[in-house]
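Since the structure comes first, as structure tokens, the remarks are kept for the end.
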Amino acid sequence: MKVEIPKFERCCCCLPLRRGILTFAYLNLFITIFFGVLQVSLWVYYYYPFMKLQSSMMVMYRGIVIEAQMFFVIALHVLDVVFNIILIVGAHMTNAKLMRWYYFYQLTMMIANFFAMLVIYTGISKVSGLDTYPTLSECAVAFIGFVVQIYLLLLVHSELNKLRYQERRSSFVNHMAEHINLLFYLFFSFFFFCLFTFFLLLSIILTKDFQRNITQVFVEHTSLSIRIIEFIKMLIDIPVCKRCCFCIPLRGGLITWGYFNLCVGFLLLTGSIFGIIKKRNVPESEKYKITTDFIVIIFVTMIVGILEIVLSLIFIVGCHKKNVKLIKTFYYYNILLLGLTSILTVYGGISAVIYTVDGFKRGLNANFLMYFLSIDIGLLLANFALQLYILLVVRSEIIKLSSDCQFRFANIGSEAECTMTIEGLTKENRVQNIHANPVITKGSEIKGLVGREDNVN
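1 is the number of the first residue of the sequence shown in our numbering; add one for each residue after it.
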């Protein structure tokens, strides 16, 4: 009751759940066989003709680099292949028993990998004497593999819940959930805004007859784009969270995030103010060191800090008062922020890769370059994932507040009616309908006003 396990209706927000599981299973089977054959080939290449199953070598298993004996590595890969085949067969046949076997196997191996990662990577530099730079890179790879395992586990859990529901009673599940995909909506909106601006400029220059043709073409393309957007809405399912961080109540977690965001805004504003003060106190002989980029960064930081403070206050008030309009203001700001974060993530990732390649050409330390590449890309992806999760949680709260039902108690006692049949009268049988209309007085006394209707049979 305290922890919410996410339930997905679609894989990667677009594929049907069972087909997504099958796609993951086939990819996992291919990768397992590929790495298994590769590691056995390396073992034969380096240890021939002194090949022994007891001999150990460095191998990678599920993103974790370990030194293990070959019989243990081969056994792990064989188990993975067998249980991936079980998952594929179970998903194709919609067999809940086979999928449950894979679910418990995957859960066990995931927990074992997590503890193995803690044991190995906390003492790897002491045991093997390796540098700390490749260790952090290996941790990043292991973390990505761990996240993929968790996601596949959640997909299988969601499919098992759906299958159990279908076993209890037959029902038709509509996967065409109508959820708005904001990224596609924003993309098409921006595209057609630019298109509309272009046609508006043309309409000022061109003749009236040509303006009518342009307007007609624009309307036709707009209607087509609306149909495409409606089709995309039916194909894509955006998860709705019931709890923040899977354990905290949704509104409480959002209020906490609002106050944290407010503190971040104050820190940004304070830092930019100190930067301006420091710039003014710089001696004349050192003012040449202050570049235009530094001034632009200070003013951009100040603007972002002010926006964070204002919109965080609006969001906090909206969450406390359950005001959907105020929450939507922060929601749209987060959408804009997510778009900027996406652009910065792509730009930062490309810049980091270019810097790393240039460093390799100049003969810099490879471990040093890979360390900073892992840190840069990891921070960019973590920031993007955080913004995306906050957007999903805020959207879930908006849906929850918008769909709350207003309960109303209606007193239907005043409309009570009873039918009484009396037989054995002197002339003929009669059916008497007695309408009781109770009246409630101030002293809580109920008086019945009885009306009588006689119907002759």
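No residue lacks a Cβ here, since even glycine has one placed at the ideal position from N, Cα and C.
(request) Specify, as a first and last residue, the run of the alpha helix (DSSP H) that G348 falls within. (result) Where G348 is concerned, the enclosing alpha helix (DSSP H) stretches over V324 to K361.
(request) Taking all protein chains shown into account, decide if M93 is buried (16 or more other Cβ within 10 angstroms of its Cβ) or exposed. (result) With fewer than 16 Cβ atoms within 10 Å of its Cβ, M93 is classed as exposed.
(request) Can you grab the Cα-Cα spacing for the pair G252 / V44, in whole Å? (result) Spanning the two alpha carbons is a distance of roughly 58 angstroms.
(message) Quick check: the stretch 29-40 against the stretch 79-96, are at least 3 beta-carbon pairs closer than 8 angstroms?
(response) Under the three-pair Cβ rule at 8 angstroms, the stretch 79-96 counts as touching the stretch 29-40.
(request) With DSSP collapsed to three states, give me the class of V304. (result) In the structure shown, V304 sits in a helix (DSSP, three-state: H, G or I).
(request) Indicate whether L326 and L388 have their beta-carbon atoms separated by less than 8 angstroms. (result) Taking 8 angstroms as the Cβ cut-off, L326 and L388 do not qualify as a contacting pair.
(request) Below 7 angstroms CB to CB, which residues in the same chain sit around K208 once its five sequence neighbours on both sides are set aside? (result) Because the pLDDT of K208 is 45, which lies under 50, any placement of that residue in the model is unreliable, and the question is left without a value.
(message) I'd like to check one pair, V324 with L401: are the Cβ atoms closer than 8 angstroms?
(response) Cβ distance < 8 angstroms, so L401 and V324 count as in contact.
(message) Do L380 and G349 have their beta-carbon atoms positioned less than 8 angstroms apart in this structure?
(response) Taking the C-beta atoms as reference points, L380 is found nearer than 8 angstroms to G349.
(request) Would you mind reading off the limits of the alpha helix (DSSP H) that contains N84? (result) First-last of the alpha helix (DSSP H) with N84: M70 to M93.
(request) Have a look at L186 and F146 and give me their C-alpha separation to the nearest angstrom. (result) Reliability fails at L186, whose pLDDT of 47 lies under 50, so the model's placement of it is uncertain and the value that follows must be treated cautiously. If you take the alpha carbons of L186 and F146, they lie about 32 angstroms apart.
(request) Using beta-carbon positions only, say whether Y102 and V156 come within less than 8 angstroms of one another. (result) Yes; because the gap between Cβ atoms is below 8 angstroms, this pair is in contact.
(message) Between the alpha carbons of F241 and S396, how many angstroms are there, rounded?
(response) Here residue 241 turns out to be Cys, not Phe, going by the sequence shown. Their Cα atoms are separated by approximately 6 angstroms.
(request) State the Cα-Cα distance for the pair I306 and C245, rounded to the nearest angstrom. (result) Near 27 angstroms, if we compare the C-alpha coordinates of C245 and I306.
(request) Pick helix, strand or coil for V59, following the three-state DSSP scheme. (result) Strand at V59.
(request) Measure the C-alpha to C-alpha separation of C247 and P6 and round it to an integer number of angstroms. (result) When rounded, the distance between both Cα atoms is 11 angstroms.
(request) Between the Cα of F299 and those of T270, V310, I314 and F330, spot the shortest distance and give me the residue it belongs to. (result) Of T270, V310, I314 and F330, the residue nearest in Cα terms is T270.
(request) Ignore the nearest five residues each way along the sequence and tell me which others in Q39's own chain have a CB closer than 7 angstroms to its CB. (result) Only V59 and V73 meet the Cβ criterion.
(request) Quick one: grab the DSSP three-state call for C247. (result) In this structure, C247 counts as coil in the three-state DSSP scheme.
(request) Look at F330 and I314 and say whether their C-beta atoms are less than 8 angstroms apart. (result) When the beta-carbon positions are compared, F330 and I314 come within less than 8 angstroms of each other.
(message) Please classify F407 as buried or exposed, where buried requires at least 16 neighbouring CB atoms within 10 angstroms.
(response) Any answer about F407 is weak, because its pLDDT of 46 lies below 50 and its placement is not dependable; what the coordinates show is given next. Taking a 10 Å sphere around the C-beta of F407, we find fewer than 16 other C-beta atoms and assign the residue as exposed.
(message) Checking 8 angstroms against the spacing of the C-beta atoms, do N483 and S312 come in under that value?
(response) Outside the displayed range of the chain (1 to 457) lies residue 483, so it cannot be described from this structure.
(request) On the DSSP bridge assignment, give the partners of R10 in chain order. (result) R10 pairs with P16.
(request) Go ahead and pull the three-state DSSP assignment for I460. (result) Lying outside 1 to 457, the shown extent of the chain, residue 460 is not represented and no answer is given.
(request) Please say whether A112 and I64 have beta carbons closer to each other than 8 angstroms? (result) No Cβ-Cβ contact shorter than 8 angstroms links I64 with A112.
(message) For D131 and G363, what's the separation of their Cα atoms in angstroms?
(response) The pLDDT assigned to D131 is 46, lower than 50, so where the model puts this residue is not dependable, and the model offers no usable value.
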